[in-house]
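Asker:
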Amino acid sequence: MARNPVLTFTDRGIYCPDGDFFIDPWRPVDRALITHGHSDHARWGHKRYLATHQALPVMRHRLGQIEAVGIAYGERVQIGGVTVSFHPAGHVPGSAQIAVERQGEVWVVSGDYKVEPDGLAEGFAPIRCHAFISECTFGLPVFRWQPQERVMAEITRWWAANAAARKVSILGAYSFGKAQRLMAGVEPIGPILTHGAVEEITAILRAQGYALPETVRAVAGVDGKTHPGALVIAPPSALGSAWARKFGPAEEAFASGWMAVRGIRRRRSLGAGFVVSDHADWDGLNAAIRATGCERVFVTHGYTAPFRRWLSEQGYDAGIVATEYGEEVEELPTEGAA
Amino acid sequence: MKDFAALFAALDGTTKTSAKVAALTEYFQTAPEADRVWTIALLSGRRPKRSVTSTELREWAAEAAGMPLWLFEESYAMVGDLAETIALILPVAEGAEAPSLSAIIAELTQLTGQGGEVRKAAILAYWARLGPTERLLFNKLITGGFRMGVSQGLMTRALSTATGVDEAVLAHRLMGDWSPQTMPFERLVREDASGSASRPYPFALAAPLEEGPETLGDPGGWRAEWKWDGIRGQLIQRAGAFALWSRGEELITDRFPEFAPLADFLPPGTVIDGEVLAWDHQAGRPLPFADLQKRIGRKTVPKKLLVEAPALMLAYDLLEDAGQDLRDRPFGERRARLEVLVAGLPEGMPLRLSPAIGFESWDGLTAKRQAAREMRAEGVMLKRAASPYHVGRKRGDWWKWKLDPWTVDAVMIYAQAGHGRRANLYTDFTFAVRDGNALVPFTKAYSGLTDAEFGEITRWVQKNTLERFGPVRRVPPELVFEIGFEGIQESPRHKSGIALRFPRMIRWRRDKPVDEIDTLEGLRDLLRVSRG
Ligand SMILES: [Zn+2]
Ligand SMILES: [Zn+2]
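Protein sequences, first through last, are from chains A and B.
Numbers in this note's numbering are just positions in the first sequence, counted from 1, shifted up by 42.
Numbers in this note's numbering are just positions in the second sequence, counted from 1, shifted up by 92.
(1) Measure the CB-CB distance between S115(A) and A131(A) and report whether it falls below 7 Å.
(2) Are the CB atoms of A477(B) and G424(B) within a distance shorter than 7 Å?
(3) Could you compute how far the alpha carbon of Y408(B) sits from the alpha carbon of R444(B)?
(4) List, in order along the chain, the chain B residues whose C-beta lies closer than 7 Å to that of P348(A)?
(5) Is there at least one Cβ from chain A nearer than 7 Å to V171(B)'s Cβ?
(6) Going by the C-beta, is D323(A) closer than 6 Å to any heavy atom of ligand 2?
(7) Report yes or no: is there a C-beta of chain A within less than 7 Å of the C-beta of M405(B)?
(8) To the nearest angstrom, how far is it from the Cα of E608(B) to the Cα of E303(B)?
(9) Any residues in the region 158 to 184 of chain A with a beta carbon nearer than 9 Å to a beta carbon of chain B? Which ones, in chain order?
(10) Can you pull out the residues from the region 200 to 218 of chain A whose beta carbon lies closer than 7 Å to at least one beta carbon of chain B?
(11) CA-CA distance, L410(B) and L558(B)?
(12) Name the chain B residues whose beta carbon is nearer than 9 Å to that of G87(A)?
(13) Could one say the Cβ of G223(B) lies closer than 7 Å to chain A's Cβ atoms, at least one of them?
(14) Touching or not, the region 316 to 324 of chain A and the region 175 to 192 of chain A, by the rule of three or more beta carbon pairs under 8 Å?
(15) To the nearest angstrom, how far is it from the Cα of L42(B) to the Cα of W337(B)?
(16) Indicate the three-state DSSP secondary structure (helix, strand or coil) for L134(B) in the structure shown.
(17) Taking Cβ to Cβ, would you say A298(B) is nearer than 7 Å to R487(B)?
(18) Could you give the distance in angstroms between the alpha-carbon of G299(A) and the alpha-carbon of G415(B)?
(19) Beta strand (DSSP E) containing Y168(B): first to last residue?
(20) Strictly below 7 Å CB to CB, what residues from chain A border E176(B)?
(21) List, in chain order, every chain B residue whose beta-carbon is nearer than 7 Å to that of W352(A).
(22) Spatial neighbours of A202(A) within its chain, please: CB distance less than 6 Å, with the 5 preceding and 5 following residues excluded, ordered by chain position.
(23) Considering only the alpha carbon of each residue, which of R429(B), R566(B), L618(B), R249(B) lies closest to L135(B)?
(24) Can you tell me which of the three DSSP states I56(A) falls into?
(25) When you compare only the Cα positions, how much space is there between V371(A) and G282(A)?
(26) By DSSP, does H269(A) sit in helix, in strand, or in coil?
(27) Could you list which residues in chain B have their beta carbon closer than 8 Å to that of E15(A), in chain order?
(28) Could you tell me whether any non-hydrogen atom of ligand 1 is closer than 6 Å to the CB of D543(B)?
(29) Please compile the residues from chain B whose C-beta is within a distance smaller than 8 Å of the C-beta of W300(A).
(30) Does the Cβ of R144(A) have 16 or more other Cβ atoms within 10 Å, making it buried, or fewer, making it exposed?
(31) Does any residue of chain A bring its CB to less than 7 Å from the CB of L180(B)?
(32) Rounded to whole angstroms, what is the Cα-Cα separation between R451(B) and A316(B)?
(33) So if DSSP puts S127(A) in a beta bridge, which residue, or which two residues, is it bridged to?
(34) Considering Cα atoms alone, identify which of C171(A), W86(A), A84(A), Y252(A) is closest to E164(A).
(35) Taking the C-alpha atoms as reference points, what is the distance between V157(A) and A329(A)?
Okay, structure coming up:
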């Protein structure tokens with residue numbers, strides 16, 4: 043008799059019948075396993091949460107009073123008829139892939155992930171599995187990232203050129219993950235100022251022990267005069283706003299994987315855009331899937347149709363799962379965090 | 093290629109006009125002269141001869157990147173730009189020293205007419221050795237479309253700063269059909285006689301009049317005429333040259349053979365600014381733009397089309413008379429000389445005066461403007477009688493006062509993601525009106541909303557998709573929009589039987605329920621009005 047699959051796809055999220063829990067559900071459920079603290083994955087209203095110890099502080103900050111239990115990377119817990127473990131996804135600090143095992147059959151939910159180590163998030167670890175549920179935000183071959191140190195050097199050069207022209211550099215980046223990765227990755231050639239939304243998360247992560255440089259919260263009175271040649275890190279929505287103008291003469295840029303496409307950068311009428319993403323690029327997606335050794339792949343969250351077809355041409359049994367994660371608009375400046 | 097790539101990066105890396113002009117100025121002072129000429133040519137819409145078809149490029153690029161063609165096409169659909177797609181998908185090359193811009197173009201030109209294998213080998217060799225920016229630019233050269241976020245006016249301004257030659261004089265020198273392959277830089281910018289005899293003048297353009305004409309002062313100082321909806325053109329008759337140019341600086345003489353007799357009757361040294369229209373000789377007014385459109389795409393015109401959609405020029409202005417440049421003379425004087433010239437032509441010539449609209453007061457003109465739709469005009473042009481013929485758009489002397497658009501309230505039924513700068517938003521919508529209990533799709537529109545609105549609609553579309561057909565999503569008929577358009581015509585090709593001209597979204601009608609949208613019958617009434 044054929045058994046039901048380890049994970050099923052419902053209108054509330056990915057569900058494990060044998061363990062009676064959901065992974066990153068988007069409607070309120072009884073028990074939710076959460077891959078990471080971005081708002082499209084860690085939603086409000088579940089009864090019980092399970093996430094990595096590293097992910098919980100930001101989740102608590104964002105979701106307020108929640109009933110949550112922490113788990114260590116690699117630790118195995120039994121839930122109902124399955125064994126569950128969390129493994130680094132390399133996406134943002136505390137982010138995880140979730141592996142669910144039932145009698146030797148392993149399914150892995152990737153959450154959001156990135157293959158290249160960024161020096162801040164726990165490095166991506168490939169997990170051998172039978173079925174892999176993979177995001178594919180950037181699942182087209184036009185998305186291929188340069189090595190991080192090269193982009194960071196580009197950003198540092200931009201910052202230095204602006205500083206030499208007596209201008210402040212305002213860099214738009216997601217307040218959780220991208221912002222901290224950038225401040226840790228650029229060369230510290232001047233003061234780093236932060237928008238309140240960025241500073242709050244930065245303080246939480248710093249307190250957790252992540253190595254982050256000194257930052258100054260850009261409260262009233264902090265500007266290009268008090269901190270000449272500063273780098274300001276702010277949520278994308280702050281670019282071009284009245285808040286950004288208070289710094290005086292400035293250049294603005296946006297750091298996102300979408301900046302790889304010239305047309306998208308121009309839509310924001312931004313001069314500078316830096317291609318920095320916390321998601322896997324085309325090569326990264328393919329390498330990650332290969333490393334799982336899986337036969338079945340379910341793609342979600344991005345360019346699902348072409349990516350599924352590509353995978354099935356590569357010999358995978360590939361399907362599409364509709365989810366309510368960020369989808370195509372993820373990481374767009376008009377959106378919240380990804 | 094290095095200077096050119098650096099110029100491109102500088103232009104692309106800023107949104108500030110002053111920084112763009114500075115980068116161009118420096119380039120025009122330091123780059124190799126042959127490259128400067130080609131850059132001027134590219135930035136004024138000229139392009140090297142195409143040596144490769146876009147189908148070949150797609151196939152070669154997909155092969156070089158080791159991916160199936162369908163995946164290349166998906167990528168292209170997302171990026172929206174062929175040159176950029178190719179640059180992005182090819183394996184990273186380390187960018188050895190590349191030949192100069194003009195040398196690359198010379199080699200590309202030599203490839204035309206060669207066998208497929210020879211051309212393929214040459215293109216692949218370039219791809220393998222060019223760095224990322226150079227590769228994008230190289231692809232732009234071979235695919236033709238070259239836009240660098242720099243208008244011709246901006247380029248001319250920078251060239252003027254770099255050379256010290258007056259901007260208006262330069263604008264004129266850069267017009268016409270000079271060949272960047274053979275034209276030396278100094279001759280192009282310094283010599284008047286360097287171009288061919290058929291060189292046109294830069295077109296004077298009008299600015300839209302947003303408020304009423306009362307703001308323009310005494311009506312006595314103004315002249316009015318219809319704003320026709322055709323192809324703005326310049327007709328040139330000089331010793332050894334008879335030419336018709338479109339505003340896009342395209343030589344279209346051969347597409348409109350009916351103008352040929354004018355070569356025998358216009359005096360030498362004549363340049364006329366006017367509107368080319370397909371003319372309804374019975375009704376004494378233009379045919380719908382769609383009829384003219386049939387002729388635009390054709391290099392040679394079948395007899396049948398010459399009979400069905402005969403072309404005519406309605407003359408607005410006289411720029412050169414007896415070889416004398418009149419552009420500094422007042423419009424009133426130019427117009428008077430134009431009237432004399434046209435009156436001297438024999439009967440039946442395809443050149444007539446665009447009639448002046450007489451008026452005593454602004455109220456009087458406002459009343460007459462109402463007849464524009466009946467005349468198949470878009471509205472009224474207002475020109476200061478004392479105005480010179482400006483280069484380009486100079487606010488203050490020439491105004492276009494268009495009719496308010498027609499509008500219809502309709503519901504969105506399909507959504508499709510945009511291209512290029514809007515690739516990750518749903519921006520292209522198909523709209524329907526009611527026909528009894530059914531909804532009939534009748535137009536598409538993709539502009540007119542803010543990015544924030546498109547973002548909100550995108551999220552709605554993603555949550556409410558009923559069906560997907562490739563990139564298109566069917567959505568429940570719930571969102572109502574006010575659609576504006578400039579004209580309406582019969583169209584047997586469309587299910588609704590009608591087609592709109594210049595449709596766009598005017599606003600999102602969140603206040604309007606779906607059962608209050610307009611009906612197909614209402615659109616048919618508009619059609620009857622427009623056929624008059
Ligand atoms: Zn995320
Ligand atoms: Zn996500």
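Just so it is clear, CB atoms sit at the ideal spot from N, CA and C, and this is done for glycine as well.
Answerer: For this structure:
(1) Locating residue 115(A) in the first sequence gives position 73, where the first residue counts as 1. Locating residue 131(A) in the first sequence gives position 89, where the first residue counts as 1. The sequence given here places Tyr at residue 115(A); Ser does not occur at that position. By the CB criterion at 7 Å, Y115(A) and A131(A) fall outside the cutoff.
(2) Counting from 1 along the second sequence, the entry for residue 424(B) is found at position 332. Counting from 1 along the second sequence, the entry for residue 477(B) is found at position 385. In contact: G424(B) and A477(B) (Cβ atoms closer than 7 Å).
(3) Numbered from its first residue, the second sequence carries residue 408(B) at position 316. Numbered from its first residue, the second sequence carries residue 444(B) at position 352. Rounded to whole angstroms, Y408(B) to R444(B) spans 9 Å at the Cα level.
(4) Within the first sequence, numbered from 1, the residue matching residue 348(A) stands at position 306. Going along chain B in sequence order, the residues near P348(A) (Cβ under 7 Å) are L163, E166.
(5) As a first step, residue 171(B) is located in the second sequence; it is residue number 79 there, counting from the start. Interface residue, yes.
(6) Position 281 of the first sequence, counting from 1, holds the residue named residue 323(A). No, since every heavy atom of ligand 2 falls outside the 6 Å radius drawn around the Cβ of D323(A).
(7) For the purposes of this step, residue 405(B) is identified with residue 313 of the second sequence, where counting begins at 1. False, the Cβ-Cβ gap to chain A never drops below 7 Å.
(8) Along the second sequence, read from residue 1 onward, the residue named residue 608(B) stands at position 516. Along the second sequence, read from residue 1 onward, the residue named residue 303(B) stands at position 211. Roughly 31 Å between the two C-alpha positions.
(9) Look at the region 158 to 184 of chain A: the residues with a C-beta under 9 Å from a C-beta of chain B are L182, P183, V184.
(10) Against chain B - using a Cβ distance shorter than 7 Å - the region 200 to 218 of chain A contributes no residues.
(11) Start at 1 with the first residue of the second sequence, and residue 410(B) comes out as number 318. Start at 1 with the first residue of the second sequence, and residue 558(B) comes out as number 466. Each residue's Cα considered, the two are about 58 Å apart.
(12) Mapped onto the first sequence, residue 87(A) falls at position 45. Within 9 Å Cβ-Cβ: nothing; G87(A) doesn't reach chain B, min ~18 Å.
(13) In the second sequence, residue 223(B) corresponds to position 131, counting from 1. Residue contact check for G223(B) against chain A: no CB pair falls below 7 Å.
(14) Of all C-beta pairs linking the region 316 to 324 of chain A to the region 175 to 192 of chain A, three or more are shorter than 8 Å, placing the two stretches in contact.
(15) What the structure shows of chain B is the stretch from 93 to 624, and residue 42(B) is not part of that stretch, so it cannot be assessed.
(16) What you label residue 134(B) is simply residue 42 of the second sequence in a count that begins at 1. The answer is helix: DSSP assigns L134(B) an H, G or I state.
(17) Taking the second sequence and counting its residues from 1, the one referred to as residue 298(B) is at position 206. Taking the second sequence and counting its residues from 1, the one referred to as residue 487(B) is at position 395. Their beta carbons are not under 7 Å apart, which means A298(B) does not touch R487(B) by this criterion.
(18) The count along the first sequence starts at 1 and reaches residue 299(A) at position 257. The count along the second sequence starts at 1 and reaches residue 415(B) at position 323. Roughly 58 Å between the two C-alpha positions.
(19) Taking the first residue of the second sequence as 1, we reach residue 168(B) at position 76. Secondary structure note for Y168(B): it is in no beta strand (DSSP E), and the uninterrupted alpha helix (DSSP H) holding it is 161 to 171.
(20) Within the second sequence, the letter at position 84 stands for residue 176(B). Listed along chain A, the residues sitting closer than 7 Å to E176(B) by beta-carbon distance are R304.
(21) In the first sequence, the residue the question calls residue 352(A) occupies position 310. Result: L163.
(22) Locating residue 202(A) in the first sequence gives position 160, where the first residue counts as 1. Cβ neighbours of A202(A) beyond the five flanking positions: I231.
(23) Position 43 of the second sequence, counting from 1, holds the residue named residue 135(B). Residue R249(B) is the option with its Cα nearest to L135(B).
(24) Position 14 of the first sequence, counted from the first residue, corresponds to residue 56(A). DSSP places I56(A) in strand when its eight states are reduced to three.
(25) In the first sequence, residue 371(A) corresponds to position 329, counting from 1. In the first sequence, residue 282(A) corresponds to position 240, counting from 1. Confidence at V371(A) is low in this model, with a pLDDT of 31, below 50, so its placement is unreliable and the value that follows should be read with caution. Taken atom to atom, the span from the alpha-carbon of V371(A) to that of G282(A) is near 20 Å.
(26) To locate residue 269(A), count along the first sequence from 1; it is residue 227. Here DSSP, grouped into helix, strand and coil, assigns H269(A) to coil.
(27) Nothing about residue 15(A) can be reported from this structure: the residues present for chain A run from 43 to 380 only.
(28) Locating residue 543(B) in the second sequence gives position 451, counting from the first residue. Outside the cutoff, so no.
(29) Mapped onto the first sequence, residue 300(A) falls at position 258. Per Cβ cutoff of 8 Å: N516.
(30) Within the first sequence, numbered from 1, the residue matching residue 144(A) stands at position 102. R144(A) should be labelled buried.
(31) Taking the first residue of the second sequence as 1, we reach residue 180(B) at position 88. At least one chain A Cβ lies under 7 Å of L180(B).
(32) Within the second sequence, numbered from 1, the residue matching residue 451(B) stands at position 359. Within the second sequence, numbered from 1, the residue matching residue 316(B) stands at position 224. It is worth fixing the name first, because residue 451(B) is Phe in this sequence and not Arg. Roughly 8 Å separates the two Cα atoms.
(33) Within the first sequence, residue 127(A) is the residue found at index 85, counting from 1. Bridge partners of S127(A): R118(A), A141(A).
(34) For this step, residue 164(A) is matched to residue 122 along the first sequence. Selected option, being the one with the closest Cα: Y252(A).
(35) Taking the first residue of the first sequence as position 1, residue 157(A) is located at position 115. Taking the first residue of the first sequence as position 1, residue 329(A) is located at position 287. Taking the straight line joining both Cα atoms gives about 8 Å.
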